[in-house]
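Structure, as C-alpha cells:
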Amino acid sequence: MPERAGMKKTVLPDDDMLINKRFDVALASLLPSCSRAYVQRLIEEGQATVDAAQVQKSRKLASGDVIEVEPFPPASPAAAAQDIPLDIPYEDEDLLVVNKPRGMVVHPAAGNPDGTLVNALLFHCARSLSGINGVLRPGIVHRIDKDTSGLLLVAKNDRAHRSLAYQLSRHSMKREYRAIVYGTFADLFGTVDAPIGRNPRDRKSFCVTDNHSKRAVTHFEVLGAGDKYTMLRLFLETGRTHQIRVHMAYIGHPVAGDRVYAHKTAQALLEGQCLHAALIGFSHPRTGSYIEISSQLPPYFINAAGRAGIVTEH
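Numbering of the sequence shown is given in my numbering, commencing with residue 2 and proceeding in unit increments.
Below, the structure written as C-alpha cells:
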C-alpha cells in the first residue's frame, strides 16, 4: 500500500491487511520511506492518531479506524555557533551547568532558528558537545521552558550524556525549583501525584489524565505568601514536560504569569512566568562525586515577589 505513504488521512476498509496489526507496525507500512524511530516519535508525540485520539503504539487496528498523520517539519541544518553571553556557574571537561535567563529558547526549532542556548553553547564550547541528541540539540540532556529561568545541565561528550540521562531516568538527580503561584495554602507542605499526558484538545500542551499518560510526582513547600500569591519550593520526583506548571494548575494554584495553564487573573500581576530552576544535584559522570549547584533568584523573580507582597529569602 505504498500509495498511502504521502497521505495525511487513511480510513481502513473491512479487508485491509493492516486490521489487527499494531499501530506502530501499521504506520511503518504506511510510511515506508520513514525510519522506525521517526514512526515511533510520531506516535509518542501525538502526531499520528487513531480516530483523532492519541493511542499507544501497541493498539490493534480495526475496520473503520481513521489514521491521521501530521509529519514533523523538515529537519533544519545544524545549528550555528553564535557569540551570546552565558552565565556558567560550573564547568569541567565533561559537562557544564548553565544558568539560563527567562525568555531564552533552549534549542532551535520552528519560529526560533537562532539566538538559542544551543547557538551560544556551540560558540562557547567550540562544538565540543555530546552528539546524542543530534545537530539541533547538541549537549542537551534535559530542557526547561523558554519562560522558565535557571539551571540546565549540558554534556560535552557522549559518555557524560549517557550517565546524566541515566540519572534523570532513575530519578536520582536532585532538582529544586522556586515558583510564585496563585492563591494561598492551608498546609505548609504537599505532594501532587497525578499522571500527565498530552492534552487531546491541544497537542502543544499537557494535562492531568489517565489516558496515555505517565506518572508524575511533585513535592512542594510554602516559603512565604501574600494576599493572593504564594512562593513555593518545589522538588521534582519525576520529570515530565511542563510538570510543575500542569500540577500547580491542576490543584488550583497555577504558576503566576503562565500564558498556557494559568487563568487570566493569575497572569495579570507579574509580567511573565515566575518559575526558576534553583538547584541541581548529580553524580559526576567521570568521578562519581556528588555535585550540587544552586542559583540565586533572578531580579525579575524578586521584583514579582515584592509586587505580590511576598517576603522571601534571596
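Even glycine gets a Cβ: it sits at the ideal position worked out from N, Cα and C. In this text, all values refer to a predicted model and were calculated from it rather than measured experimentally.
Fill in: Rounded straight-line distance, which links the Cα of Val-247 to that of Thr-11
The residue labelled residue 11 in the question sits at position 10 within the sequence shown. The residue labelled residue 247 in the question sits at position 246 within the sequence shown. Rounded to whole angstroms, Thr-11 to Val-247 spans 33 Å at the Cα level.
Practice prompt. Provide the residue span of the alpha helix (DSSP H) that contains Phe-24, from first to last.
Written response: Start at 1 with the first residue of the sequence shown, and residue 24 comes out as number 23. Residues 24 to 31.
Worksheet item: Who are the Cβ neighbours of His-172 in its own chain at under 7 Å, not counting the five residues just before and after it?
Response: Locating residue 172 in the sequence shown gives position 171, counting from the first residue. Contacts found: Glu-238 and Thr-239.
Item to complete: Would you mind reading off the limits of the beta strand (DSSP E) that contains Asp-203?
Response: Taking the first residue of the sequence shown as position 1, residue 203 is located at position 202. Residues 203 to 209.
Practice prompt. Could you give the DSSP three-state label for His-277: helix, strand or coil?
Written response: In the sequence shown, the residue the question calls residue 277 occupies position 276. Three-state DSSP puts His-277 in a strand.
Fill in: DSSP-derived helix/strand/coil call for Ala-54
One-based indexing of the sequence shown puts residue 54 at position 53. If DSSP states are grouped into helix, strand and coil, Ala-54 belongs with the strands.
Worksheet item: What separation, rounded to the nearest whole angstrom, lies between the Cα atoms of Ile-141 and Leu-154?
Response: One-based indexing of the sequence shown puts residue 141 at position 140. One-based indexing of the sequence shown puts residue 154 at position 153. If you take the alpha carbons of Ile-141 and Leu-154, they lie about 7 Å apart.
Worksheet item: What does a CB cutoff of less than 7 Å around Asn-212 pick up in its chain, not counting 5 residues either side in sequence?
Response: Taking the first residue of the sequence shown as position 1, residue 212 is located at position 211. These residues qualify, in order along the chain: Gly-198.
Fill in: Whole-number beta carbon distance between Ser-284 and Pro-90, since they are thought to touch under 8 Å
Within the sequence shown, residue 90 is the residue found at index 89, counting from 1. Within the sequence shown, residue 284 is the residue found at index 283, counting from 1. Rounded, the Cβ-Cβ distance is 18 Å, inconsistent with contact.
Worksheet entry | Beta-ladder partner(s) of Arg-199, from DSSP | Residue numbering aside, residue 199 sits at position 198 when the sequence shown is read from its first letter. DSSP lists Phe-207 as partners of Arg-199.
Fill in: Best match in Gln-57, Val-312 and Leu-13 for proximity to Asp-25 [C-alpha to C-alpha]
In the sequence shown, the residue the question calls residue 25 occupies position 24. Nearest of Gln-57, Val-312 and Leu-13 to Asp-25, Cα basis: Gln-57.
Practice prompt. Would you kindly check if the distance between the Cβ of Ala-121 and the Cβ of Leu-87 is under 9 Å?
Written response: The residue labelled residue 87 in the question sits at position 86 within the sequence shown. The residue labelled residue 121 in the question sits at position 120 within the sequence shown. It is a contact, given that the beta carbons lie within the stated cut-off.
Discussion item. Do Tyr-230 and Ile-281 count as a contact pair if the criterion is CB distance below 9 Å?
Written reply: Taking the sequence shown and counting its residues from 1, the one referred to as residue 281 is at position 280. Taking the sequence shown and counting its residues from 1, the one referred to as residue 230 is at position 229. No, the Cβ-Cβ distance between Ile-281 and Tyr-230 is not below 9 Å.
Practice prompt. Would you list, in sequence order, the uninterrupted alpha helix (DSSP H) runs of no fewer than 4 residues that lie entirely inside the region 227 to 269?
Written response: 244 to 251 and 265 to 269
Worksheet item: Between which two residues does the alpha helix (DSSP H) containing Leu-152 stretch?
Response: Here the question's residue 152 lines up with position 151 in the sequence shown. Looking at the DSSP string, Leu-152 is not in any alpha helix (DSSP H); the run it does join, the beta strand (DSSP E), is 150 to 156.
Worksheet item: When you compare only the Cα positions, how much space is there between Met-2 and Arg-241?
Response: By one-based count along the sequence shown, residue 2 stands at place 1. By one-based count along the sequence shown, residue 241 stands at place 240. Model confidence at Met-2 stands at a pLDDT of 34, short of 50, so the residue's coordinates are unreliable; what they give is reported in the following sentence. Taking the straight line from one Cα to the other gives about 37 Å.
Worksheet entry | Counterpart residues of Ile-68 in DSSP-defined beta bridges | Residue numbering aside, residue 68 sits at position 67 when the sequence shown is read from its first letter. Per DSSP, Thr-11 and Val-51.
Practice prompt. Give the range of the alpha helix (DSSP H) segment to which Phe-302 is assigned.
Written response: Position 301 of the sequence shown, counted from the first residue, corresponds to residue 302. That run of the alpha helix (DSSP H) goes 300 to 308.
Practice prompt. Could you say which of Gly-132, Ala-54, Thr-185 and Thr-149 lies nearest to His-162 if we only look at CA atoms?
Written response: The sequence position of residue 162 within the sequence shown is 161, counting from 1. Nearest C-alpha to His-162: Gly-132.
Item to complete: Whole angstroms is fine: what's the gap from Thr-288's alpha carbon to Asn-134's?
Response: Position 287 of the sequence shown, counting from 1, holds the residue named residue 288. Position 133 of the sequence shown, counting from 1, holds the residue named residue 134. Rounded to whole angstroms, Thr-288 to Asn-134 spans 24 Å at the Cα level.
Worksheet item: Which same chain residues, not among the five before or five after Asp-316, have their C-beta less than 7 Å away from its C-beta?
Response: It is not possible to answer for residue 316, since the shown part of the chain is limited to 2 through 315.
Practice prompt. Would you kindly work out how many angstroms separate the C-alpha atoms of Leu-118 and Lys-101, rounded to a whole number?
Written response: Here residue 118 corresponds to residue number 117 of the sequence shown, with the count starting at 1. Here residue 101 corresponds to residue number 100 of the sequence shown, with the count starting at 1. Whole-angstrom Cα-Cα distance: 8 Å.
Worksheet item: Going by DSSP, which residues form a beta bridge with Ile-311?
Response: For the purposes of this step, residue 311 is taken as the residue at position 310 of the sequence shown. Partner(s): none; Ile-311 has no beta bridge.
Item to complete: Would you mind reading off the limits of the alpha helix (DSSP H) that contains Phe-73?
Response: Within the sequence shown, numbered from 1, the residue matching residue 73 stands at position 72. Premise fails: Phe-73 is in no alpha helix (DSSP H) and is neither H nor E.
Discussion item. Going by C-alpha to C-alpha distance, which of Phe-302, Phe-73 and Leu-97 sits closest to Leu-130?
Written reply: Looking up residue 130 in the sequence shown gives position 129. It is Leu-97.
Worksheet item: What separation, rounded to the nearest whole angstrom, lies between the Cα atoms of Ala-267 and Ala-226?
Response: On the sequence shown, position 266 is the one that residue 267 refers to. On the sequence shown, position 225 is the one that residue 226 refers to. One C-alpha to the other measures close to 15 Å.
Worksheet item: Beta-carbon separation of Arg-23 and Tyr-301 under 9 Å?
Response: Walking along the sequence shown from the start, residue 23 turns up at place 22. Walking along the sequence shown from the start, residue 301 turns up at place 300. No, they are not a contact pair.
Worksheet item: Taking all protein chains shown into account, do 16 or more other C-beta atoms lie within 10 angstroms of the C-beta of Asn-21, making it buried, or fewer, making it exposed?
Response: Here residue 21 is taken as the residue at index 20 of the sequence shown, counted from 1. Result: exposed.
Worksheet item: For Ala-217 versus Pro-201, is the C-beta spacing smaller than 9 Å?
Response: In the sequence shown, the residue the question calls residue 217 occupies position 216. In the sequence shown, the residue the question calls residue 201 occupies position 200. No, they are not a contact pair.
Fill in: Proximity below 9 Å, CB of Lys-147 to CB of Val-99
By 1-based counting over the sequence shown, the position of residue 147 is 146. By 1-based counting over the sequence shown, the position of residue 99 is 98. Cβ atoms of Lys-147 and Val-99: not closer than 9 Å.
Worksheet entry | Through-space distance from Tyr-178 to Gln-83, alpha-carbon basis | Along the sequence shown, one-based indexing puts residue 83 at 82. Along the sequence shown, one-based indexing puts residue 178 at 177. Going from the Cα of Gln-83 to the Cα of Tyr-178 covers about 29 Å.
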